[in-house]
Amino acid sequence: MIKRSLIKALLAGAALLSGGLAVAADPTPLTIVFMEGLEPLCWEENGKPMGEQPEIAQYVLSKLGIKAKFLFLPWARAQKMVEDGEADLMMTTPSKARFAFAVFGKEMTTPNYWNIFVKKDNTAVIEKARKFEKLEDLKPYSVLDFIGNGWTGAYMKTSDGYKIDLAPKMAQLVQKLAAGRGDLTINSSTSINWFLHKQNLVGQIEEIDLAIPGTRFHMTFQVSRKSPWVEKGLVKALDIELKKMKDSGEWLKILQKYKDPYASGRPFKSLLVTDEFYKDYDSYPTYKPGT
């Protein structure tokens with residue numbers, strides 16, 4: 378009996394090494410990139426991935442048996458790595474420019490509310506901001522932003538008459554706003570409020586809703602067209618596991634952990650029009666662990 382058990386154990390070990398037993402991690406390398414320092418969405422702390430996006434990605438990829446390398450970089454560089462095929466995956470907003478080099482998931486990874494923020498003692502600008510109906514209404518004002526923000530590059534170009542005053546990162550942007558070094562910012566409600574709490578500046582800044590096209594949008598998983606994971610069908614598999622994550626309540630727990638407005642019940646409807654990106658979605662393969 379002992380000999381038989383020993384033989385079975387040896388055979389099981391050999392089968393495991395050859396991939397013959399329960400699904401092992403896929404050996405194909407996968408690199409996922411994030412913008413550095415964009416708390417609470419994504420950042421790195423003492424070498425550990427932090428934030429909504431990394432936690433969601435870790436959860437979903439683990440369900441697929443995929444071990445990934447997480448990189449946190451300036452956003453322009455991170456996105457270029459996906460474009461060039463040096464990185465496989467990112468989580469960001471669907472756009473025509475990105476669709477040229479990535480295939481998009483359908484399932485929302487995170488919602489985005491972009492609102493106006495003004496220093497509370499700047500009452501004149503606050504009164505004006507409450508009447509804003511379109512982005513062009515911001516042109517007379519000094520708008521604070523952080524370097525590498527693709528949203529501003531898409532919607533509020535300086536060449537179109539916007540006055541953009543850049544800070545290195547979101548943390549410095551919030552500090553400048555609280556110090557009165559700029560009229561306002563239009564930016565992520567999630568991130569601005571996170572940094573206001575972190576820097577003990579709550580109560581100094583007024584948030585003003587601006588729900589117009591461009592300020593209510595969602596993010597998705599996006600796989601580089603040059604990645605081997607496209608042919609393996611990763612993007613649909615990510616969507617499937619993300620939907621399961623939402624149904625289980627685990628997704629909402631992560632949003633609650635990072636104080637996302639969506640988790641507290643703030644209404645959200647993405648105003649992005651994305652149908653053109655999914656004409657071939659149904660024809661994509663679907664990755665299954667072990668295949």
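Heads up: the sequence shown begins at 378 in the numbering used here, then just goes up one per residue. Just so you know, even glycine gets a beta-carbon here, dropped at the ideal spot from N, CA and C.
If we ignore side chains and look at the alpha-carbon of each, how far apart do residue i and residue j end up?
{"i": "residue 605", "j": "residue 658", "result": "17 Å"}
{"i": "residue 462", "j": "residue 602", "result": "7 Å"}
{"i": "residue 621", "j": "residue 472", "result": "25 Å"}
{"i": "residue 445", "j": "residue 550", "result": "31 Å"}
{"i": "residue 464", "j": "residue 407", "result": "7 Å"}
{"i": "residue 506", "j": "residue 494", "result": "9 Å"}
{"i": "residue 627", "j": "residue 413", "result": "24 Å"}
{"i": "residue 589", "j": "residue 455", "result": "28 Å"}
{"i": "residue 527", "j": "residue 435", "result": "25 Å"}
{"i": "residue 477", "j": "residue 447", "result": "23 Å"}
{"i": "residue 424", "j": "residue 501", "result": "44 Å"}
{"i": "residue 591", "j": "residue 662", "result": "31 Å"}
{"i": "residue 536", "j": "residue 514", "result": "16 Å"}
{"i": "residue 574", "j": "residue 552", "result": "12 Å"}
{"i": "residue 519", "j": "residue 470", "result": "26 Å"}
{"i": "residue 571", "j": "residue 625", "result": "26 Å"}
{"i": "residue 635", "j": "residue 421", "result": "14 Å"}
{"i": "residue 539", "j": "residue 460", "result": "28 Å"}
{"i": "residue 633", "j": "residue 511", "result": "30 Å"}
{"i": "residue 532", "j": "residue 411", "result": "21 Å"}
{"i": "residue 426", "j": "residue 564", "result": "23 Å"}
Considering only residues of the same chain and omitting the five flanking positions on each side of residue i, which have a CB-CB separation below 6 Å?
{"i": "residue 490", "result": "566, 638"}
{"i": "residue 391", "result": "With a pLDDT of 41 at residue 391, under the threshold of 50, the modelled position of this residue cannot be trusted; read the value that follows with caution. Here the set comprises nothing."}
{"i": "residue 557", "result": "496"}
{"i": "residue 645", "result": "488, 639"}
{"i": "residue 453", "result": "525"}
{"i": "residue 583", "result": "495, 497, 503"}
{"i": "residue 555", "result": "578, 581"}
{"i": "residue 664", "result": "609, 610, 611, 614"}
So what does residue i bridge to, in DSSP terms?
{"i": "residue 469", "result": "597"}
{"i": "residue 565", "result": "491"}
{"i": "residue 446", "result": "408"}
{"i": "residue 481", "result": "599"}
{"i": "residue 415", "result": "419"}
{"i": "residue 622", "result": "DSSP, once it has assigned bridges, lists no residue as partnering residue 622."}
{"i": "residue 426", "result": "421"}
{"i": "residue 585", "result": "493"}
Using a Cβ-Cβ cutoff of less than 8 Å, which residues in the same chain neighbour residue i once the five nearest sequence positions on both sides are dropped?
{"i": "residue 568", "result": "415, 416, 417, 418, 547"}
{"i": "residue 577", "result": "none"}
{"i": "residue 524", "result": "451, 543, 544, 545, 546"}
{"i": "residue 655", "result": "481, 483"}
Report the CB separation of residue i from residue j in whole angstroms; it is logged as a contact under 8 Å.
{"i": "residue 598", "j": "residue 647", "result": "The pair is not a contact, with the Cβ atoms about 15 Å apart (cut-off 8 Å)."}
{"i": "residue 559", "j": "residue 521", "result": "4 Å"}
{"i": "residue 616", "j": "residue 484", "result": "4 Å"}
{"i": "residue 468", "j": "residue 486", "result": "5 Å"}
{"i": "residue 587", "j": "residue 499", "result": "With a Cβ gap of about 16 Å, residue 587 and residue 499 do not count as contacting."}
Could you name the residues of the same chain whose beta carbon sits closer than 7 Å to that of residue i, not counting the 5 residues immediately before and after it, in chain order?
{"i": "residue 600", "result": "465, 466, 479, 480, 606, 607, 611, 612"}
{"i": "residue 618", "result": "437, 440, 441"}
{"i": "residue 631", "result": "429, 432, 433"}
So, is the C-beta of residue i closer than 7 Å to a C-beta in chain D?
{"i": "residue 555", "result": "Chain labels in this structure do not include chain D; a single protein chain is all it has."}
| request: Please specify which runs of the beta strand (DSSP E), each continuous and at least 3 residues long, are wholly inside the region 503 to 557, giving them in chain order. | output: 519 to 523, 540 to 544
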